[in-house]
Every structure is written in C-alpha cells, then in structure tokens.
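Read in order, the letters of the first sequence are residues 199 to 496 in the working numbering.
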Amino acid sequence: MRLGYPCINWSIECRGNKTFRLKSYSEKRLVETVGTNLDCLQQMLRWNVDHGLYFFRISSDLVPFASHEVNTFDWVDHFQSTLQSIGSYSKQQNIRISMHPDQFTVLNSKDSDVVNRSIAELKYHAEVLDAMELADDAKIQIHVGGVYGDKEASKTRFAANYKHLPESVKRRLVIENDDRSYSVKDCLDISEQIGIPVLFDSFHHELLHNGESYSEAILLCSKSWKTEDGCLMIDYSSQAEGERKGKHAENINLDHFRELLQCLDFYNFDMILEIKDKETSAMKALPVLEEFEVEVVV
DNA sequence: GCGTGTCAAGTGAAA
DNA sequence: TTTCACTTGACACGC
C-alpha cells in the first residue's frame, strides 16, 4: 500500500499549482509558471520519498490554461526533458501518480460544448502523464457528472461519450463515487457497461451509499481494476467537526481512520488523504498503518 | 505595501 | 433568484 495527499505540500516553500489570470496571459508568463510548477513538483516528490509517502496527486494547475484556446504554445515539447525526468524519478522510486480534473469536467453533460471542453481537459491531463512516460496505473479521476433529472439516461450518456474518447484518455480514466449523485453502485453499473475502473471515496460513501459496508464496497470497486490499471485507488477523508455535512476535515481524525482500517479484510490499495493540512495528516496516518501491520511501500 | 474582490469552465442544493 | 460548495488559494487591482 502507498499513502499520499493531493497537490500541495505546506511544509516546503514552493507551490506546484501557481497560476495567473487569463487577462495576463502571455507565452512568457506561461513558460515561467510551468517551469516554477515543475520545479516545485520535483521538490514535493523528493520530500515525499524522504517521508515515506509514495502516492501523489498532481495539481491540474500544473499547466495553466492548458486546454484553453488562448494557449497555442507547445508546452509538451518545451518541457519534455523535465517531464520525462520527473516521470523517471517517480518510476525509479515506485511513486504512484494521479490527477483529478476539477468540477468543470463533465463528460455526461447534455451540452455538447461542455462535453468537448471536458474532452480537451482530459486530453491535457493525459498529455502530462504521457510526457512523464508513466504506466497505465497513473490515473485521471473524475466524477460521473450531472443527473439532469434522469440518472439512468445520464449514466448511459456517460458510457456513450466515454466510447468516443481518445485511447490516451481511456487507458487512464477512472470514475469516483460522489457525495450526492452517483454512488459506488451507480459507478459500478457504468463500469460494467464500459469496463472503466471505479475509485473508492470513503467519505463520499459515508454520505451516499446503498447499504454496502466499507469492506463490501472496497471489494466491489477493487474488482473493476485490471492488472494494468494497478491496484485500487482510495480517497479518504472525514467530516469537519461542526461544519456543513460533506466538508472535509482540517486535520486527520485518527480514531475515524482506525475505524475504517478495522473494517477491512485486505489492504491492497493506494490511498490519498483528502485532508486540508495535506502532508501533516499523511505523516500522522503512517504510524497507524503500522499498527494494522499494513505492508507499506518504502 | 496591503486589503480584498474575483478568478475559464458546471451542477445542484441551500439560502 | 442568488449564493455556495466542490482538493481552494492566491492573483492582481486599487488605494
């Protein structure tokens, strides 16, 4: 099992998700920003290896406006050697990489413009991982999308649009259960139709489910991952105390984390902690895994 | 320098 | 009908 956190490391000086306003777009600004972000990504990965964290989600802001029409710059070519070198380091260290396009990526939208922009965004994410020369186990995770008053039709539309995606996206795309529309069962229905792996989000599952235990849900999701996909990916979080339902915790609740681990029969998965203080919580979670004698990648 | 309104993009629930 | 939340932070304008 590998443990990680998303996008930002607060312990080091730099941020790997620097961006700027569309109004101030220029090729110079883009090159500077991407250069800074890649440099920081390298630093974060090294920090992670030094601290026993071998799973990392790269920020979608790595290349600002990557799928926007304003951006005609061939950033893949320009940053090829850097991307390749980061990818090579990741493979050498056995680091698992993922990405999570934001909420504007809606593959099952009823608006074809939204679908086309979503596909462009997915292509960008695939380009990053491809330029890093990562294997198919480096995934791009998205939610199923909107319901539009008819969930079954919207699931079918997702499956239909998926079939038209370029191969570079298909081999990396996975779907994740969300907290208000598409449960694990809904995702598995889609998976049965098109063979897409289902990423398990434990917090969303607490908020929206069909009565499956953690253990049952994880086993079911796990089966949707083929050998070349790598092991199941899990997103973990817990409720922020006294906050709106569904809000992610500021820091890890170790009792809650132990409760989840106690429910499980096997630990053959990689886990991202979606908790606000990022690497700090991940570092607190590592010793808990030891309590459960989970075999952690080192 | 600092305070703060706003940022490319979608959807649905809450206010 | 508008605002808010979503991995939210931080850019950049105006003083």
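Even for Gly, the Cβ is constructed at its ideal location relative to N, Cα and C.
In this structure His249 is not in contact with Met431, their Cβ atoms being roughly 20 Å apart against a cut-off of 8 Å.
Counting only runs of 3+ residues, the beta strand (DSSP E) found wholly inside the stretch 385 to 413 occupies 396 to 399, in chain order.
The straight-line gap separating the alpha-carbon atoms of Thr354 and Met297 is approximately 24 Å. Contact between the stretch 230 to 240 and the stretch 201 to 218 is present: three or more C-beta pairs spanning the two stretches fall below 8 Å.
For Ser389, same chain residues with a beta-carbon under 8 Å away, outside a window of 5 residues either side, are Ile373, Pro395, Val396, Ser422 in chain order. According to DSSP, Ile340 shares a beta bridge with Ile373. The beta carbon of Glu448 sits closer than 7 Å to those of Ala438, Lys474, Asp475, all from its chain and outside the five residues before and after it, given in chain order. Distance from the Cα of Ala333 is smallest, within the candidate group Leu462, Ser286, Ser379, for Ser286. Ranking Glu267, Val261, Ser288, Leu281 by CA distance to the CA of Trp245 puts Ser288 first.
Counting C-beta atoms within 10 angstroms of its own C-beta, Ser209 has fewer than 16 neighbours from the protein chains shown and is therefore classed as exposed. Counting every other CB atom within 10 Å of its CB across the protein chains shown gives Ser257 a total of 16 or more, marking it as buried. Here Val495 is actually not in contact with Leu487; their C-beta atoms are around 11 Å apart, not less than 8 Å. If you compare the alpha carbons of Glu426, Gln278, Leu243, Tyr360 with that of Gln290, the shortest gap goes to Leu243. Ser296 has Arg255, Lys337 as its beta-bridge partners, per DSSP.
Burial state of Asn207 is buried, judged by a 10 Å Cβ sphere holding 16 or more other Cβ atoms. His454 sits close to Ser436, with the two beta carbons spaced by under 7 Å. Under the three-state reduction of DSSP, Gly214 is assigned to coil, being neither helix nor strand.
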